[in-house]
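Chemist: So that we are looking at the same thing, I have put the structure below in structure tokens.
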DNA sequence: TATGAATGAGGCTTCATTCAT
DNA sequence: CATGAATGAAGCCTCATTCAT
């Protein structure tokens, strides 16, 4: 289940063997996040990132073979943070509670880091980055949750993808508008998610579902 | 709530007073659309657009004060096309039918023009473009529909924004995955939209709604 | 017998359609030659070349897709100049006179433009440039001369390559030493060239020659 | 004619006083040779050399004050190897045999180590390296050989330089073409060398020679 | 007005070299 | 002494924009 070791844009150029190096790598990724947040995609360039990280541009390129690699590393970090939070969903008693937990994690994440969505979009439009980001684990999590809330869905991956899109669409837009009321937002996201699940089954062949819910 | 008439990046440099000029403007915008579709954001640059439009880069700058203006013009055109299609929703008998119509228009639009979403994202991240795009009319349409489907909502603008986010989130993700089955997609979007509306009311002060549905 | 139209590093990016453009291209190549002569390979960079040409770096890249293309263009120009001079060798009455003419051209060329040799070496060591330069015509010229001086050689291409190597080796080294006495140099080069031709035949299968000279 | 003892780029930073240090120096030079052979001039950089030598970049700079010094050291080593082989020429009975031996050594060297030629060219074009390489000994060898083959030459240094140029020009070109037939190549080089010597005398003041051969 | 040549700020990246550990 | 992380000058190239013709 390990990944193939094909040469990847993503890989670090050198594995940091000293503590200092690891800190540098971390500080660069963090700086990238901050630059993105503060300056937007317009200001997301390697010089600005190095400057904010307090390292030279040379150091940045010691660890990342290129800008894309850094972008991917940032996406990975954010995705992993989200995943690490969201994975606790599976410890919930019921499927419903699991999905609610996932939604809560999503909302928290989005309102803290509204930048991830934009990054992901850019990533998708850059041919070089396609397929570099590992979504597998994450998708699997959502599918697992779907299976618990709605065990008889024929295509849980479709429902999982839809749920993700609903949750992210709503939270992104809310973040965009500067909405800060977590409770209200979470309530509305739940409405959409559970509403989707309870209704998507009502039709025949096109439905994501095979049986009752 | 009308816009001030401050000098805007968006405005065309000259009002095309002759038919030929208007054609040129149109051809440039169309070329921009084609370049975006064919080359992605990577290839979306003024020289490429001028080349594809069959005009000189100089002419492009005769009609648009800058790249941002052209970008905005393209967004406006696409938004208007969508609006012109979606506006027919209001001619439907029932509110339900109106919302269904809107969803249908959204799905059609998205699967035909998957580029709009990306453009809108860039636009949001570019400070220069913020607020240049007229969404007012469009938002008003969705609010009007919401009022018809769920007349007693306290904050129909919130529900309208949410519905838009749900619909676009789902269709964008579907487009991204290359999904082509309109019927299935539409069914699932309806599930999410109507599910949202029917459930969002169930709570007190945080809800977007004041009364029953 | 035309060359395939595969995308080549060599091609100009745009065919200059205005007189000014053509001048610019010419001035850039000439500047490249001057920079190489004055600063050596160390100083042979695009910024220096643009500066000396009196154009912006942007203009350089309007016409040359990259540094390699410019390098190749320079090599082509120098090769062509040499060729245009050397081609008159074929108008000489005898084969001997033809070879002498070729040697004279070589010596003149080398002492005027000692840079070509260096460039050719760079070209050979840069994988990107391999095969971009057309030597065909030139090689054909030398082979034709060899056929006239020594009609019975079995492998005139080998002899041609050897003669070229001898002539260039001697003139390069002389240029390197700063030798300026054309007459003496030419005499010695003739000695080597004709000495080679008259002696190379003396052995069996390994010789470049089949019969008497 | 002796060299001044000005501080030289070339000198090692520290005289390796211990066996281990000497080994390190040797391994770095060997690594430089391998990198040059394997990656060409493009890949000939200090970090790559240190990596291949299995030492840190810091150590490399402990032993060499800079890249140029390392380059020169490599050239010296190769030159010395050649010299050690070629010096046996002087043990030959006749001058003819001596020159033949020299040619044989040249051909062997070139076909085994085609990289030296390229390095020498770079060295010549880099002002920093000019004059750093000791050729004296080597030149003296060739002059000595010339004196034995053609004792009455007025300017044996010129003839020596020419012979070197002929031999290297031919072998370099052959190496470039990938020629592997030593015997044939050697035959042709002899033809050029002896042809040169026998013919260069035939003129008056410009000749490299004063009397008969 | 149309053209397209020209501009140059600014982004990405490399690599020789230094220096703290 | 060895290490390798860090540095930054310098090179390559792009693309939004201007301006002479």
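Protein chains in written order, with full-length UniProt numbering: chain C, 1 to 213; chain P, 1 to 213; chain W, 1 to 213; chain Z, 1 to 213.
Just so you know, even glycine gets a beta-carbon here, dropped at the ideal spot from N, CA and C.
1. Cβ closer than 8 Å: which chain Z residues qualify as neighbours of residue 64 of chain W?
2. Once you ignore the five residues that flank residue 87 of chain C on each side, which residues in its own chain have a CB closer than 8 Å to its CB?
3. I'd like to know whether the C-beta atoms of residue 192 of chain C and residue 175 of chain P end up nearer to each other than 8 Å.
4. Against residue 198 of chain P, what residues of chain C qualify as contacts under a CB-to-CB distance less than 7 Å, listed in chain order?
5. Grab the span of the alpha helix (DSSP H) containing residue 87 of chain W for me, first residue to last.
6. Determine the burial state of residue 201 of chain W: buried for a count of at least 16 other Cβ atoms within 10 Å of its Cβ, exposed for fewer.
7. Grouping DSSP H, G and I as helix and E and B as strand, with all else coil, what is residue 138 of chain C?
8. Residue 25 of chain Z lies in the alpha helix (DSSP H); which residues open and close that run?
9. Taking Cβ positions only, does residue 85 of chain P come closer than 8 Å to chain C?
10. Does DSSP put residue 181 of chain W in a helix, a strand or coil?
11. Which residues, in chain order, does the UniProt domain "HTH tetR-type" (22-82) of chain W contribute to contact with chain Z at a C-beta distance below 8 Å?
12. Give a yes or no on whether the C-beta atoms belonging to residue 171 of chain W and residue 122 of chain W are separated by under 8 Å.
13. Which residues in the same chain as residue 65 of chain W place their Cβ atom closer than 6 Å to its Cβ, once the five residues preceding and following it in sequence are excluded?
14. Identify each residue in the segment 110-122 of chain Z for which the Cβ-Cβ distance to at least one residue of chain W is less than 9 Å, and report them in chain order.
15. Quick check on the burial criterion: 16 or more other C-beta atoms within 10 angstroms. Buried or exposed for residue 154 of chain Z?
16. Does residue 92 of chain Z get closer than 8 Å to chain W when you measure Cβ to Cβ?
17. Is the Cβ-Cβ distance between residue 137 of chain W and residue 83 of chain W less than 8 Å?
18. Are the segment 30-40 of chain C and the segment 69-83 of chain C in contact at 8 Å, needing three or more beta carbon pairs?
19. Does DSSP classify residue 47 of chain C as helix, strand or coil?
20. Should residue 128 of chain C and residue 68 of chain C be called a contact, given that it needs their Cβ atoms to be closer than 8 Å?
21. Measure the beta-carbon distance from residue 169 of chain C to residue 169 of chain P and round it to whole angstroms, keeping in mind my assumption that it falls under 8 Å.
22. Looking at the secondary structure, which residues open and close the alpha helix (DSSP H) in which residue 133 of chain W lies?
23. In chain C, which residues lie less than 9 Å from residue 141 of chain P when you measure between Cβ atoms?
24. With a Cβ-Cβ cutoff of 8 Å, do residue 98 of chain Z and residue 166 of chain Z count as a contact?
25. Going along chain C in order, which residues have a C-beta closer than 8 Å to the C-beta of residue 170 of chain P?
26. Measure the alpha-carbon distance for residue 147 of chain C versus residue 184 of chain P and round it to whole angstroms.
27. Can residue 182 of chain W and residue 116 of chain W be called in contact, C-beta distance under 8 Å?
28. Does the separation of the CB atoms of residue 133 of chain W and residue 72 of chain W fall below 8 Å?
29. List the residues of chain P that residue 176 of chain C touches, going by C-beta distances under 7 Å, in chain order.
30. Whose C-beta lies closer than 8 Å to the C-beta of residue 49 of chain P among residues of the same chain, with five residues either side of it excluded?
31. In angstroms with no decimal places, state the Cα-to-Cα distance between residue 56 of chain Z and residue 21 of chain Z.
32. Considering Cα atoms alone, identify which of W:118, W:91 and W:95 is closest to residue 40 of chain W.
33. Below 7 Å on C-beta distance, what does residue 130 of chain W contact in chain Z?
34. Comparing the C-beta of residue 191 of chain C with each C-beta of chain P, is any distance below 8 Å?
Modeler: Inspection of the coordinates gives the following:
1. Working through the third chain from its first residue, we reach residue 64 of chain W at position 64. Here the premise fails: no neighbours, minimum Cβ distance about 20 Å.
2. Counting from 1 along the first chain, the entry for residue 87 of chain C is found at position 87. Correct list, in chain order: 141.
3. The count along the first chain starts at 1 and reaches residue 192 of chain C at position 192. The count along the second chain starts at 1 and reaches residue 175 of chain P at position 175. No, the Cβ-Cβ distance between residue 192 of chain C and residue 175 of chain P is not below 8 Å.
4. The residue given as residue 198 of chain P occupies position 198 in the second chain. Result: 195.
5. Position 87 of the third chain, counting from 1, holds the residue named residue 87 of chain W. Unbroken run through residue 87 of chain W: none, as it is neither H nor E.
6. On the third chain, residue 201 of chain W is found 201 positions in, with the first residue counted as 1. Residue 201 of chain W should be labelled buried.
7. For the purposes of this step, residue 138 of chain C is identified with residue 138 of the first chain, where counting begins at 1. Looking at residue 138 of chain C - three-state DSSP - the assignment turns out to be helix.
8. On the fourth chain, position 25 is the one that residue 25 of chain Z refers to. That run of the alpha helix (DSSP H) goes 19-39.
9. Mapped onto the second chain, residue 85 of chain P falls at position 85. With 8 Å as the cut-off, residue 85 of chain P does not count as an interface residue toward chain C.
10. Here residue 181 of chain W refers to the residue found at position 181 when the third chain is read from its first residue. In this structure, residue 181 of chain W counts as coil in the three-state DSSP scheme.
11. 40, 41 and 42
12. Walking along the third chain from the start, residue 171 of chain W turns up at place 171. Walking along the third chain from the start, residue 122 of chain W turns up at place 122. Contact flag unset, no.
13. One-based indexing of the third chain puts residue 65 of chain W at position 65. So the list reads 13, once near-sequence residues are dropped.
14. 117, 118, 121 and 122
15. Within the fourth chain, numbered from 1, the residue matching residue 154 of chain Z stands at position 154. By the neighbour-count rule (16 or more Cβ atoms within 10 Å), residue 154 of chain Z is not buried but exposed.
16. Here the question's residue 92 of chain Z lines up with position 92 in the fourth chain. For residue 92 of chain Z, the answer is no, since every Cβ of chain W falls outside 8 Å of its Cβ.
17. As a first step, residue 137 of chain W is located in the third chain; it is residue number 137 there, counting from the start. As a first step, residue 83 of chain W is located in the third chain; it is residue number 83 there, counting from the start. Taking 8 Å as the Cβ cut-off, residue 137 of chain W and residue 83 of chain W qualify as a contacting pair.
18. yes
19. For the purposes of this step, residue 47 of chain C is taken as the residue at position 47 of the first chain. Three-state result, residue 47 of chain C: helix.
20. Taking the first chain and counting its residues from 1, the one referred to as residue 128 of chain C is at position 128. Taking the first chain and counting its residues from 1, the one referred to as residue 68 of chain C is at position 68. Contact flag set, yes.
21. Here residue 169 of chain C refers to the residue found at position 169 of the first chain. Here residue 169 of chain P refers to the residue found at position 169 of the second chain. So it is a contact: roughly 2 Å between Cβ atoms.
22. Within the third chain, the letter at position 133 stands for residue 133 of chain W. Residue 133 of chain W -> no alpha helix (DSSP H), and no H or E assigned at all.
23. Translated into the one-based positions of the second chain, residue 141 of chain P becomes position 141. Simply none; closest approach about 17 Å.
24. Within the fourth chain, residue 98 of chain Z is the residue found at index 98, counting from 1. Within the fourth chain, residue 166 of chain Z is the residue found at index 166, counting from 1. In this structure, residue 166 of chain Z does not lie closer than 8 Å to residue 98 of chain Z by Cβ.
25. Here the question's residue 170 of chain P lines up with position 170 in the second chain. Correct list: 162, 165, 166 and 169.
26. To locate residue 147 of chain C, count along the first chain from 1; it is residue 147. To locate residue 184 of chain P, count along the second chain from 1; it is residue 184. If I take the Cα positions, the gap works out to 20 Å.
27. Translated into the one-based positions of the third chain, residue 182 of chain W becomes position 182. Translated into the one-based positions of the third chain, residue 116 of chain W becomes position 116. Against a cut-off of 8 Å, the Cβ pair of residue 116 of chain W and residue 182 of chain W comes out as no contact.
28. For the purposes of this step, residue 133 of chain W is taken as the residue at position 133 of the third chain. For the purposes of this step, residue 72 of chain W is taken as the residue at position 72 of the third chain. Cβ distance < 8 Å, so residue 133 of chain W and residue 72 of chain W count as in contact.
29. Counting from one through the first chain, the residue named residue 176 of chain C turns up at place 176. Neighbours of residue 176 of chain C on chain P, chain order: 124.
30. Taking the first residue of the second chain as 1, we reach residue 49 of chain P at position 49. Once the five neighbours on either side are set aside, the close Cβ partners of residue 49 of chain P are 28, 31, 32, 35, 60 and 70.
31. Position 56 of the fourth chain holds residue 56 of chain Z. Position 21 of the fourth chain holds residue 21 of chain Z. Going from the Cα of residue 56 of chain Z to the Cα of residue 21 of chain Z covers about 14 Å.
32. In the third chain, counting from the first residue as 1, residue 40 of chain W sits at position 40. When only C-alpha atoms are compared, the closest one is W:118.
33. Counting from one through the third chain, the residue named residue 130 of chain W turns up at place 130. Within 7 Å Cβ-Cβ: nothing; residue 130 of chain W doesn't reach chain Z, min ~11 Å.
34. Along the first chain, one-based indexing puts residue 191 of chain C at 191. Yes, residue 191 of chain C counts as interfacial toward chain P.
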